[in-house]
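Note sheet for the following structure.
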Amino acid sequence: MLKHYLKIAIRHLRQQKVITAINIAGLSIGMACCILIILFVKDERSYDTFHVNANSIYRLNSAVIKDNEGDFWGGSQLPAGPAMKAELGDVKSAVRIQADGRTLLSYKDKQIIEDVVYADEDYFKMFSFPLKEGDPAKVLKAPYTMVITEKIARKYFGSEDPVGKMMRVSTKFDCQITGVAKDMPQNSDVKHDVIISFATYIAEAGGNNFDQAWFYFTNTATYVQLNEHADLRRANRELVKLKARHIDKIAKSLGLGFAYELQPLLHTHLRPHGENDRSAQSKLIYFYMIIAAFILLIACFNFMNLVTARANERALEVGLRKVMGGARKTLIAQFLSESILLSILSFIIAVLLALLILPFFNAFADKNLYLFGWQQLPMLGGLFIVTLLVGVIAGSYPAFYLSGFLPIAVLKGNFKSSGSRIWIRKGLVIAQFFVTVVLIIATIVTESQLRYWQHKDLGFDKDRLVNIYLNYKETGKVASVLKTELLRSHNVKSVTLSNMAMGISNSMNPVVKDGDTDDKSVTSSIITGDFDLLKTMDIKLMKGRDFSPVFSMDSNNTFIVNQAFVKAMGLKNPVGTVIKWEPGGIVRKGEIIGVVKDFNFQTLVVPVSPAICFVAPVERSSVINVRLNPGDVSKQMAEMEKLWKELVPGYPFETSFVADDLAKQYVEAGRVAKLFGVFSMLSIFIACMGLFGLSILISRQRMKEIGIRKVLGASVFGITTLLSKDFMKLIGVAILLATPLAWFVLNRWLENFAYRITIEWWMLLMAGVVSIFIALLTISFQSVKAALMNPVRSLKTE
Amino acid sequence: MIQLKHISKHYPVGFGKNEILKDIDLTIFEGEFVSIMGPSGSGKSTLLHVLGLLEEPSQGEYLFEGESVFRMNEKKRTQLHRGTIGFVFQAYHLIDELTVYENIETPLLYKNMPSAERKSRVADVLDRFNIVAKKDLFPSQLSGGQQQLVGIARAIVAEPRVILADEPTGNLHSDQAKEIMELFKHLNEKDKITIIQVTHSELNATYGHRIIQIRDGKIA
Numbered sequence: 001m002l003k004h005y006l007k008i009a010i011r012h013l014r015q016q017k018v019i020t021a022i023n024i025a026g027l028s029i030g031m032a033c034c035i036l037i038i039l040f041v042k043d044e045r046s047y048d049t050f051h052v053n054a055n056s057i058y059r060l061n062s063a064v065i066k067d068n069e070g071d072f073w074g075g076s077q078l079p080a081g082p083a084m085k086a087e088l089g090d091v092k093s094a095v096r097i098q099a100d101g102r103t104l105l106s107y108k109d110k111q112i113i114e115d116v117v118y119a120d121e122d123y124f125k126m127f128s129f130p131l132k133e134g135d136p137a138k139v140l141k142a143p144y145t146m147v148i149t150e151k152i153a154r155k156y157f158g159s160e161d162p163v164g165k166m167m168r169v170s171t172k173f174d175c176q177i178t179g180v181a182k183d184m185p186q187n188s189d190v191k192h193d194v195i196i197s198f199a200t201y202i203a204e205a206g207g208n209n210f211d212q213a214w215f216y217f218t219n220t221a222t223y224v225q226l227n228e229h230a231d232l233r234r235a236n237r238e239l240v241k242l243k244a245r246h247i248d249k250i251a252k253s254l255g256l257g258f259a260y261e262l263q264p265l266l267h268t269h270l271r272p273h274g275e276n277d278r279s280a281q282s283k284l285i286y287f288y289m290i291i292a293a294f295i296l297l298i299a300c301f302n303f304m305n306l307v308t309a310r311a312n313e314r315a316l317e318v319g320l321r322k323v324m325g326g327a328r329k330t331l332i333a334q335f336l337s338e339s340i341l342l343s344i345l346s347f348i349i350a351v352l353l354a355l356l357i358l359p360f361f362n363a364f365a366d367k368n369l370y371l372f373g374w375q376q377l378p379m380l381g382g383l384f385i386v387t388l389l390v391g392v393i394a395g396s397y398p399a400f401y402l403s404g405f406l407p408i409a410v411l412k413g414n415f416k417s418s419g420s421r422i423w424i425r426k427g428l429v430i431a432q433f434f435v436t437v438v439l440i441i442a443t444i445v446t447e448s449q450l451r452y453w454q455h456k457d458l459g460f461d462k463d464r465l466v467n468i469y470l471n472y473k474e475t476g477k478v479a480s481v482l483k484t485e486l487l488r489s490h491n492v493k494s495v496t497l498s499n500m501a502m503g504i505s506n507s508m509n510p511v512v513k514d515g516d517t518d519d520k521s522v523t524s525s526i527i528t529g530d531f532d533l534l535k536t537m538d539i540k541l542m543k544g545r546d547f548s549p550v551f552s553m554d555s556n557n558t559f560i561v562n563q564a565f566v567k568a569m570g571l572k573n574p575v576g577t578v579i580k581w582e583p584g585g586i587v588r589k590g591e592i593i594g595v596v597k598d599f600n601f602q603t604l605v606v607p608v609s610p611a612i613c614f615v616a617p618v619e620r621s622s623v624i625n626v627r628l629n630p631g632d633v634s635k636q637m638a639e640m641e642k643l644w645k646e647l648v649p650g651y652p653f654e655t656s657f658v659a660d661d662l663a664k665q666y667v668e669a670g671r672v673a674k675l676f677g678v679f680s681m682l683s684i685f686i687a688c689m690g691l692f693g694l695s696i697l698i699s700r701q702r703m704k705e706i707g708i709r710k711v712l713g714a715s716v717f718g719i720t721t722l723l724s725k726d727f728m729k730l731i732g733v734a735i736l737l738a739t740p741l742a743w744f745v746l747n748r749w750l751e752n753f754a755y756r757i758t759i760e761w762w763m764l765l766m767a768g769v770v771s772i773f774i775a776l777l778t779i780s781f782q783s784v785k786a787a788l789m790n791p792v793r794s795l796k797t798e
Numbered sequence: 001m002i003q004l005k006h007i008s009k010h011y012p013v014g015f016g017k018n019e020i021l022k023d024i025d026l027t028i029f030e031g032e033f034v035s036i037m038g039p040s041g042s043g044k045s046t047l048l049h050v051l052g053l054l055e056e057p058s059q060g061e062y063l064f065e066g067e068s069v070f071r072m073n074e075k076k077r078t079q080l081h082r083g084t085i086g087f088v089f090q091a092y093h094l095i096d097e098l099t100v101y102e103n104i105e106t107p108l109l110y111k112n113m114p115s116a117e118r119k120s121r122v123a124d125v126l127d128r129f130n131i132v133a134k135k136d137l138f139p140s141q142l143s144g145g146q147q148q149l150v151g152i153a154r155a156i157v158a159e160p161r162v163i164l165a166d167e168p169t170g171n172l173h174s175d176q177a178k179e180i181m182e183l184f185k186h187l188n189e190k191d192k193i194t195i196i197q198v199t200h201s202e203l204n205a206t207y208g209h210r211i212i213q214i215r216d217g218k219i220a
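See below:
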């Protein structure tokens with residue numbers, strides 16, 4: 001009997017190739033998409049879950065509060081870790097991880113730039129990164145010791161045993177390798193390939209253990225592990241007391257507030273800026289999950305819709321089978337086996353599709369996801385159950401409803417879909433286009449925002465601007481020679497030595513007007529440069545004058561500020577005002593000689609902060625900013641590299657284009673925009689497939705009516721309109737419902753950014769027009785075909 | 001074999017009702033060949049549907065071999081459809097997705113007949129109706145007369161005791177109609193199958209033993 005069912009099912013599916021293809025494609029694409037999103041979300045949520053102590057590790061977040069405002073970030077001061085271990089009873093151990101950024105690491109003739117961190121000795125005890133060689137409790141104890149991963153070991157030492165060897169770090173000092181860690185899992189935020197003992201950092205700082213540096217912020221993350229029976233609330237209370245002992249006084253003197261937060265390690269990946277993180281990252285995960293659910297739901301509904309709509313055509317068959325003695329049970333079994341067969345087929349295709357797309361998806365999402373493995377079994381199993389369920393639900397309408405029908409009603413031909421069925425089908429069309437319209441609007445808005453960022457006038461010229469980084473003492477020494485040599489080339493228009501790479505954030509300091517108290521300070525970005533700063537960057541001077549070698553005082557004690565600074569300080573006549581601040585003990589004081597137009601030296605997510613520029617000694621500069629003349633960029637870069645090699649042989653020539661650096665800031669936003677694009681395309685595709693299938697079925701059902709109308713003289717256009725009208729009404733309803741929601745949600749999203757577009761009426765209109773147009777195209781394909789058909793044929797079939 | 005007592009059938013129409021059958025008394029004996037005639041809308045098809053257990057009358061009693069049909073449950077009725085009653089329709093009503101062979105085989109599948117027996121039975125019927133060459137064709141590839149032949153073959157393959165035929169020749173031209181009627185006659189005489197047909201044609205009606213005229217829902 002089952003063989004018989006399968007035979008009929010396959011013949012049925014074959015006979016209606018288009019609808020079958022639509023049905024399988026819709027469900028399998030939806031499921032494949034769902035598989036990928038679930039893999040992605042699972043991976044995002046799995047960060048650092050593999051640590052044995054994962055549940056008792058916390059990260060110390062801190063926030064500087066000014067005027068009751070301030071956001072947490074994942075860093076904290078250097079003394080915080082040791083102080084917590086010493087003063088908080090619940091803290092078992094504390095590990096500071098101090099990022100040193102990209103550093104030149106060399107062994108013999110191998111010189112490669114690596115990401116290097118300094119970490120406290122408990123690093124390998126707190127986190128579950130197994131060591132291949134070395135004792136976790138001892139490897140990071142002594143100064144000038146380091147641990148590298150197998151990957152780095154292979155790169156530098158090949159098959160040699162690295163333990164005991166010395167590596168040179170940043171040309172400054174040597175470290176002995178005391179351990180080799182197994183390669184760390186990719187889903188961790190605390191994984192590092194080169195870990196130098198924190199004792200080394202202290203030794204390099206001349207033995208200063210930073211125990212008083214309570215208001216000195218570097219790139220340090222502090223992780224603490226609590227005792228087994230620790231009370232988190234008690235730990236938090238004690239943390240407040242610790243803060244009161246060490247920090248409140250300094251903060252108050254600066255007119256600032258300060259706060260700490262203990263964030264569970266397991267939360268840190270999705271909420272990088274603390275527990276109340278409002279950044280897109282954490283929300284996106286939920287958003288993706290909702291999208292996945294939506295797409296799956298749409299695909300499932302489509303599937304059921306098509307199967308059930310098609311079932312009406314088979315009412316006659318059901319009636320006949322009953323007359324021939326088919327019991328209800330066997331009919332139910334027949335329809336169920338048919339729809340389950342279809343859904344299982346879709347599932348298999350979905351898995352294959354996901355496998356096919358996975359490499360591209362990995363490249364796009366910058367991940368290393370895989371589909372086959374025991375970890376994925378629950379997901380695949382779950383989806384398979386969903387598949388079966390969809391098959392059962394889709395099949396149960398024809399199975400139970402039609403088989404319950406009195407055969408005579410069907411045989412007489414007066415069988416019609418019931419009102420509730422039609423209502424459900426309408427609801428499904430509305431729901432699908434609702435989602436589609438929301439996604440189209442989201443695509444348009446995110447895309448426009450991205451474009452706005454990319455093309456916004458930044459207040460300086462970002463094109464043909466190259467940064468050459470002076471990361472080492474030796475390179476710093478030759479900076480001015482380099483500048484002179486560079487300026488000789490006809491390729492170089494202008495050069496300045498500064499501490500600012502544009503688009504990469506720099507140091508901040510509280511600045512006050514001379515005579516004011518500290519609590520009136522304005523936290524400003526400090527930009528150092530030389531006399532060519534404004535000229536090279538192409539920054540517009542609004543008031544006063546530029547730095548000039550003519551004025552001797554310019555080489556140290558005059559300032560140029562931006563408009564944001566003037567506004568924040570509330571200066572009426574900025575030029576001539578004396579300001580001062582105290583960086584690291586020395587007092588810097590001088591007159592404002594000019595005001596420049598605000599320029600976006602930071603990301604466009606935040607407003608331009610107050611900034612002051614001054615001419616600093618050459619040694620303080622960390623970047624050579626070069627403005628190139630028009631020409632072949634690769635040749636110009638080669639020429640500069642040659643010059644560099646001549647002057648400072650052995651040091652890496654590290655450069656970046658400002659335009660590229662800026663573009664990198666929008667990678668995440670660009671990814672979101674692209675995702676929206678993909679999602680809305682998918683959703684349009686799936687919704688249109690459903691629409692297409694439905695329109696085929698409906699025009700088939702109304703074949704006789706169309707024939708009669710044509711005989712009576714209806715035009716092709718008239719019939720096409722007749723068939724499309726009902727669908728258009730539904731899509732209209734969907735647009736009316738979706739537009740306000742999309743507007744509201746996207747407005748909220750845009751509010752996160754300082755520089756943003758407003759949502760224009762045409763963006764909303766465009767989404768509506770696009771969806772109507774695509775829907776119309778889909779439907780009319782079928783309705784025109786129906787309308788063009790020879791009426792004799794359609795009337796004969798009855 | 002079949003006994004109808006005071007059978008009435010009406011449908012609700014608006015606030016009133018539309019009476020199709022009014023107080024029908026009818027007895028049909030085993031081995032009879034009965035033709036039901038009457039103008040359009042007189043209720044003859046409805047009567048046939050009632051006889052075939054496809055429709056329930058509003059009132060009255062129906063005894064099939066002495067057993068009241070209305071007290072039968074769904075299972076029992078399905079049993080009757082499986083083995084005792086065969087149907088032939090005006091519009092043939094073959095299943096489009098199945099070949100001639102499979103169409104004829106379907107009633108046997110529902111009887112849970114073993115495969116070997118099924119094969120021999122179907123082969124038998126195909127042979128008898130001279131349609132062996134057509135067994136792998138689909139209904140759409142056959143002429144109307146051939147389709148109706150398959151329809152009849154399907155009706156008798158399960159060896160029913162009664163065949164109910166609703167204008168079996170209504171869609172056929174006269175030569176084909178004659179062939180079909182001869183077949184019915186043969187089945188009635190040789191196989192002792194009771195046949196009840198609804199027909200418009202005086203000529204076809206003469207093949208039967210008895211003609212029942214229906215007018216306005218009553219036996220005239």
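Protein sequence lines correspond, in order, to chains A and B. Going by full-length UniProt numbering, the first sequence wraps up at 798, each residue one higher than the last. Going by full-length UniProt numbering, the second sequence wraps up at 220, each residue one higher than the last. Backbone N, C-alpha and C fix where the C-beta goes; we use that ideal spot for every residue, glycine too. Being a predicted model, the structure only gives us computed values, none of them experimental.
Under 8 Å by beta carbon: chain B residues contacting residue i
| i | result |
| --- | --- |
| A:I336 | The sequence shown places Leu at residue 336 of chain A, rather than the Ile named in the question. The premise fails here: A:L336 is roughly 17 Å from chain B at the closest Cβ pair, so nothing lies under 8 Å. |
| A:I298 | None at all; the shortest Cβ gap to chain B is about 30 Å. |
| A:T330 | Y110 |
Three-state secondary structure (DSSP) of residue i
| i | result |
| --- | --- |
| A:D100 | strand |
| A:T797 | Per-residue confidence for A:T797 stands at a pLDDT of 49, beneath the threshold of 50, marking its modelled position as unreliable; the derived number appears in the next sentence. A:T797 falls in the coil class under three-state DSSP. |
| A:Y469 | strand |
| A:G427 | helix |
| B:V72 | In the sequence under discussion, the amino acid at residue 72 of chain B is Met, which differs from the Val named in the question. In this structure, B:M72 counts as coil in the three-state DSSP scheme. |
| B:K119 | helix |
| A:K141 | coil |
| B:H10 | strand |
| B:I219 | strand |
| A:G203 | Just to set this straight, residue 203 of chain A is Ala in the shown sequence, not Gly. It is helical. |
| residue 809 of chain A | Residue 809 of chain A is absent from the model: chain A starts at 1 and stops at 798. |
Chain-ordered chain A contacts of residue i [CB-CB under 9 Å]
| i | result |
| --- | --- |
| B:I2 | Ordered by position in chain A, no residue passes the 9 Å Cβ test against B:I2, which lies about 17 Å from the chain. |
Supposed contact pair residue j and residue i - C-beta distance, whole angstroms, cut 8 Å
| i | j | result |
| --- | --- | --- |
| B:I20 | B:G217 | 6 Å |
| A:G576 | A:R545 | Actually they do not touch by this definition, with Cβ atoms about 12 Å apart. |
| A:M681 | A:A299 | No, A:M681 and A:A299 are not in contact; Cβ-Cβ is about 14 Å, not under 8 Å. |
Contacts that residue i makes with chain B (C-beta to C-beta distance below 7 Å)
| i | result |
| --- | --- |
| A:M1 | L109 |
| A:G326 | Y110 |
Interface partners of residue i on chain B, CB under 9 Å
| i | result |
| --- | --- |
| A:V318 | Correct list: empty, because the minimum Cβ distance to chain B is about 10 Å. |
| A:G395 | Residues of chain B passing the Cβ test: none, with the nearest at roughly 17 Å. |
Segments of 4+ residues assigned as alpha helix (DSSP H) that fall wholly inside the stretch 241-270 of chain A = If we require 4 residues or more, the alpha helix (DSSP H) runs fully inside the stretch 241-270 of chain A come out as 248-253, 265-268.
Alpha helix (DSSP H) segments (min. 4 residues) lying fully within the stretch 528-581 of chain A | Within the stretch 528-581 of chain A, the complete alpha helix (DSSP H) runs of at least 4 residues are 533-537, 563-569.
Starting from the N-terminal side, write out each stretch of the beta strand (DSSP E) that is 3 residues or longer and does not extend beyond the UniProt domain "ABC3 transporter permease C-terminal" (289-400) of chain A.
-> For the UniProt domain "ABC3 transporter permease C-terminal" (289-400) of chain A, not a single whole beta strand (DSSP E) run of length 3 or above is found.
Taking any Cβ of chain B, which residues in the stretch 6-22 of chain A have a Cβ under 7 Å from it, in chain order?
-> Along the stretch 6-22 of chain A, going in chain order, the ones with a CB nearer than 7 Å to a CB of chain B are I8, R11, H12, Q15.
Chain B contacts made by the UniProt domain "ABC3 transporter permease C-terminal" (678-791) of chain A, where a contact means CB separation under 9 Å | Those residues of the UniProt domain "ABC3 transporter permease C-terminal" (678-791) of chain A that come within reach of chain B (Cβ to Cβ, closer than 9 Å) do not exist; the list is empty.
Selection of the stretch 72-96 of chain B by Cβ proximity to chain A, strictly under 9 Å | Taken in chain order, the members of the stretch 72-96 of chain B whose beta-carbon sits within less than 9 Å of a beta-carbon on chain A are E74, K75, T78, Q79, L80, H81, R82, G83, I85, G86, F87, F89, A91, H93, L94, I95, D96.
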